[in-house]
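Everything below concerns the one structure shown next.
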Amino acid sequence: MAIIKDNAVVLRRLDYSESSQVLAVFTREHGKVRLIAKGIKRATRGRFAPAIDLLDTGHLVFSVRTLRQEALAILTEWTQSEAGAALRDRLDRLLAAQYVAFAVAELTEDWDPHPLLFDGIRQTLTSLTTDTQTLATVTAFQRCLLHEVGSFPILDHCVGCLRPIQARGAIFLSSREGGLLCCDCEGARSEKYAIGRDVLLRMRGEPGTLDAILPAFRAFDYYLSHLMGKPNPISRMLLVAC
Ligand SMILES: [Zn+2]
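Residue numbers (the numbering used here): 442 to 683.
Laid out in structure tokens, this is it:
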């Protein structure tokens, strides 16, 4: 039996009863871990600690028999460092955090560490409580997630003909092809998503216009949906709330 100390953010509640809950957490050093929390109850207005709730960040100690996919760890200690409650003051921020949690849960494997992704999630959750541009914060997270899971699209040349993207002409993003398609190559592909030049700048992380934030979010969301094999269920609600 291994005793492990780590930092984690709570992604998902998988099961819940009066006395225990099964959670999917994303730890910094061990990746996604499914664990059972007995006697550590959900936070309520009247009950302060020990509590663990969705989107909370904290330090934890857990024990586990094997570091394998099917292993269910047992949470023994939880010290909250940042409460997800701060995100609940505004609907757009809460939905943005839920969007983040869903995408991480879907695109990471159990016991597959991504420390920089953990740092990115933490940074995103902190930024969401202060930043005014919620969608810009989420788009920065989408970039971080795609980089860290090794699926960032090729955004500097056409994946069809390998030529640099020209200054003129339509450009498309293809999730199946893993990047951009120029106007000469897009005709032969049915799976593609049209994007503008200003949107491409935003997607590359370069300074762009404020108008490009929403379409850049949508383009990455399109790309992530294909990677996950399903749409992020929070996406539509988030767009309505922002
Ligand atoms: Zn091409």
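Where is the CB? At the ideal position from N, CA and C, for every residue including glycine.
- The Cβ-Cβ distance between Ala-512 and Val-502 does not fall below 7 Å.
- In this structure, the straight-line span from the alpha carbon of Arg-469 to that of Trp-552 is close to 10 Å.
- In the three-state reduction of the DSSP assignment, Gln-462 falls in the strand class.
- Contact between Val-579 and Tyr-540 is confirmed by a C-beta separation of about 6 Å, below the 8 Å threshold.
- By the neighbour-count criterion, in which 16 or more other beta carbons inside 10 Å mark a residue as buried, Thr-575 falls on the buried side.
- Gln-521 has Gly-499 as its beta-bridge partners, per DSSP.
- Secondary structure at Ala-577: helix, using DSSP grouped into helix, strand and coil.
- Residue pairing for Asp-456: DSSP places it in a beta bridge opposite Val-463.
- A distance of 7 Å or more separates the beta carbons of His-500 and Thr-517.
- The Cβ-Cβ distance between Gly-649 and Leu-622 does not fall below 7 Å.
- Between Ile-675 and Pro-656 the beta-carbon gap is near 18 Å, outside 8 Å, which marks them as no contact.
- In this structure Lys-633 is buried. Its beta-carbon is surrounded by 16 or more other beta-carbon atoms within 10 angstroms.
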